[in-house]
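K.L.:
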Amino acid sequence: MLKANLLKSLVLALSFGAAGAQASIVTNGSFEDGAGDLIIFNDPSQWNGDPGVTFDNLGAASPDKRWGVYENLNGWDARDGSGVEAVHSGNIVDGAGGTQFNAFDGNYFVELDTHFDYENPTNSNSWIRQELTGLNIGQTYELSFAYAARTQDANDNGIGVYWGETADLFGDLFQVSVDYDGSNWLNWTTYTFRFTASAAEMFLGFQALGNKPWDATNQGPDYYNPDSNKYGGFLDAVNVTAVPEPGTLAVLALGLVGLGAMRRKAK
735 MLKANLLKSL
745 VLALSFGAAG
755 AQASIVTNGS
765 FEDGAGDLII
775 FNDPSQWNGD
785 PGVTFDNLGA
795 ASPDKRWGVY
805 ENLNGWDARD
815 GSGVEAVHSG
825 NIVDGAGGTQ
835 FNAFDGNYFV
845 ELDTHFDYEN
855 PTNSNSWIRQ
865 ELTGLNIGQT
875 YELSFAYAAR
885 TQDANDNGIG
895 VYWGETADLF
905 GDLFQVSVDY
915 DGSNWLNWTT
925 YTFRFTASAA
935 EMFLGFQALG
945 NKPWDATNQG
955 PDYYNPDSNK
965 YGGFLDAVNV
975 TAVPEPGTLA
985 VLALGLVGLG
995 AMRRKAK
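Numbering-wise (the numbering used here), the sequence shown opens with residue 735 and increments by one.
Written out as structure tokens, the structure reads:
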């Protein structure tokens, strides 16, 4: 009995060790922490956000104003578009019949298509990136994230996923992408992919891929953008974990088999 308990303790210790090795290496993967300066747009009459509401107080804003576009979020750099749009649970989704949408994890999520200068609309598709450090070259890592489409139009809400050594060459170099598929409209779906580290420091990025035009020329001749329409896919719960090496799994399996054998012998 003493030996059985000792072996059981050893196997449990190994199990907890393997679980600990799989802790996410992403900072602020659910976008709950801090933000850079709020970005104020050129035409506030066209913007439903409230520049007086801070990131931490978005949840207290009226349901149509629980969002803001920021220069960055803790752990994440924003590029293209106007920054990164953070959204608090309970925000009303424009064009969805007054639906209030909630985060997948925690209270915040991001939308990867920001607002723009309405009188001179440029591409509002945005991307965010984070440098992951301390990677083991040759190690396999598992990426998981939650995605929900904002509209029911294909090629409108797509998000490309980038994993590479270079910080600024996202473009069409994304490895995988997700888009509206008939089931993920305002419905969180978890996606999982595996990548291999080719360097000790690599970049993880998410890029908006929508290409639907925005046309509001009824408000003026300049109110047209052929490249993006400010409606983007929703992203939350980004995690990257190291996949356990086969040797570690073999040790755990061997320990469990041995424990089972000792129990049978004790009987």
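By construction, the Cβ of each residue, glycine as well, lies at the ideal position given by its N, Cα and C atoms. Note that this is a predicted model, so its numbers are computed, not measured.
When DSSP labels each residue in this structure, what does Ala769 get in the three-state scheme?
P.N.:
Ala769 falls in the strand class under three-state DSSP.
K.L.:
If you run the structure through DSSP and keep just helix, strand and coil, what is Ala753?
P.N.:
At Ala753, the pLDDT of 43 sits below 50, so the modelled position is not reliable; the number obtained from the coordinates is stated separately. Residue state, collapsed to three classes: helix.
K.L.:
Can at least three beta-carbon pairs, one atom from the stretch 920-932 and one from the stretch 878-893, be found at a separation below 8 angstroms?
P.N.:
As far as the Cβ criterion goes, the stretch 920-932 touches the stretch 878-893, which means the pair count is three or higher.
K.L.:
Given a cut-off of 8 angstroms, decide if Phe968 and Phe843 are closer than it, judged by their beta-carbon atoms.
P.N.:
Yes. Within cutoff.
K.L.:
Once DSSP output is grouped into helix, strand and coil, what is the label at Leu744?
P.N.:
Since pLDDT at Leu744 reaches only 33, below the 50 mark, its modelled position is unreliable, and no value is offered.
K.L.:
Residues in the same chain with beta-carbon distance under 6 angstroms from Asn945, minus the five sequence neighbours each way, listed in chain order, please.
P.N.:
The residues are Asn889.
K.L.:
Can you give me the Cβ contacts of Val910 inside the same chain, cut-off strictly under 6 angstroms, excluding the 5 residues immediately before and after it?
P.N.:
Hits under 6 angstroms: Val895, Phe927.
K.L.:
If we ignore side chains and look at the alpha-carbon of each, how far apart do Ala793 and Asp847 end up?
P.N.:
Sequence inspection shows Gly at residue 793; the Ala mentioned does not correspond to that position. So the two alpha carbons sit approximately 21 angstroms from each other.
K.L.:
Could you compute how far the alpha carbon of Asn762 sits from the alpha carbon of Leu772?
P.N.:
Their backbone Cα atoms lie some 18 angstroms apart in a straight line.
K.L.:
Quick check on the burial criterion: 16 or more other C-beta atoms within 10 angstroms. Buried or exposed for Glu853?
P.N.:
Per the 10 Å Cβ criterion, exposed.
K.L.:
Tell me the DSSP secondary structure of Leu866 in three-state form.
P.N.:
Looking at Leu866 - three-state DSSP - the assignment turns out to be strand.
K.L.:
Counting along the chain, where does the beta strand (DSSP E) carrying Leu943 start and finish?
P.N.:
Per DSSP, Leu943 belongs to no beta strand (DSSP E) and is neither H nor E.
K.L.:
Is Phe789 helix, strand or coil by DSSP?
P.N.:
Correct three-state label for Phe789: helix.
K.L.:
Note down the Cα distance separating Glu865 from Tyr957, rounded to an integer number of angstroms.
P.N.:
Taking the straight line from one Cα to the other gives about 36 angstroms.
K.L.:
Taking the beta strand (DSSP E) that Ile893 belongs to, which residues open and close that run?
P.N.:
Looking at the DSSP string, the run of the beta strand (DSSP E) that includes Ile893 is 893-898.
K.L.:
Beta carbon of Asn857, beta carbon of Ser932: below 8 angstroms?
P.N.:
Taking 8 angstroms as the Cβ cut-off, Asn857 and Ser932 do not qualify as a contacting pair.
K.L.:
Between the Cα of Pro947 and the Cα atoms of Asn808, Pro855, Gly824, which residue gives the shortest distance?
P.N.:
Pro947 has its Cα closest to that of Pro855, out of Asn808, Pro855, Gly824.
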